[in-house]
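Notes for the one structure printed next.
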Amino acid sequence: MAADTTVKLPPPDIKSGFSLEEAIAKRRSVRAFVEQDLSLKAISRLLWAGQGVTAKKGGFSFRAAPSAGALYPMETFAVKKDGIYRYVPQTHSLELHAAGDLRPRLAEAAHGQTSVSGAPLAIVLCSVYQRVTARYGERGIRYAHIEAGHIAQNIHLAAAALGLGSVPIGAFDDAKVKTALKLPKDCEPLYIIPVGRPAR
Ligand SMILES: Cc1cc2nc3c(=O)[nH]c(=O)nc-3n(C[C@H](O)[C@H](O)[C@H](O)COP(=O)(O)O)c2cc1C
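Per our numbering, residue 213 is the first one in the sequence shown, and the count goes up by one each step.
Put into structure tokens, the structure is as follows:
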């Protein structure tokens, strides 16, 4: 599939019938995946669970995961075979960031972890610290890290509810990830989350 510049995601199906408890019980780190692209419906559910807009109130667009001061320091990228996309919560869409299969380079930056190169989708959470440190000073850095955990867990549980596997990846070379994904200077990668159908 050629890379599109903007991909409007289908609305997330939030009545899947899968209970939260089932998702918690089923979630396990999965590191080997079948070679099969994920549907846009699945990608929609995963990204919405992480950073989707779930309420608009008083000029704020509140998201699926809590954020200190509702400042939302995280940028979310979807790395797929055809390119890397930035998730835009406000429009629930993907914007092409760079075309081409960057998964092998991302895996290399993650010390060769095959879960990264072998997954049809890797969700990368990056923090723009300035958004929180401007208000909270140094403590804002802690807040961003805590928030990344909230977002990642939502994504893992959504993956479990979809019958997919995922793993949180924290072991990587920050500078190499930034170079591999052509990330903006102020965008610090915190987590890589490969997602796919588990290989059996
Ligand atoms: C902060 C953090 C970083 C992690 N980094 C990696 C990693 O780089 N590679 C990996 O394969 N698993 C990584 N994991 C996953 C753990 O190995 C996994 O959660 C643990 O073995 C428990 O298994 P479970 O997730 O199936 O419950 C990480 C987990 C956390 C919370």
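C-beta atoms are modelled at their ideal positions from N, C-alpha and C, and glycine is treated no differently.
These numbers were taken from a predicted model, which means no experiment stands behind them.
Check, Outcome
"Report yes or no: do three or more beta-carbon pairs, one from the stretch 305-312 and one from the stretch 358-366, lie closer than 8 Å?", "no"
"Look up S378 in the DSSP assignment and give the residues it is bridged to.", "S241, V407"
"To which residues of the same chain is L232 closer than 6 Å at the C-beta, ignoring the five residues directly before and after it?", "none"
"What's the gap between the Cα of K269 and the Cα of A254?", "27 Å"
"Entirely within the stretch 248-334 and at least 4 residues each: give me those alpha helix (DSSP H) ranges in chain order.", "252-263, 315-321, 326-329"
"Give a single yes or no on whether P380 has its beta carbon closer than 7 Å to a heavy atom of ligand 1.", "yes"
"When you compare only the Cα positions, how much space is there between P222 and P380?", "25 Å"
"Quick one: any contact between the stretch 373-389 and the stretch 316-329, if contact means 3 or more CB pairs under 8 Å?", "yes"
"Could you check what DSSP says for T345 in three-state terms: helix, strand or coil?", "helix"
"What residues in its chain sit with their C-beta under 8 Å from that of A392, if we drop five residues either side in the sequence?", "L314, R317, L318, E320, A321"
"Taking the continuous beta strand (DSSP E) assigned at T218, which residues delimit it?", "218-220"
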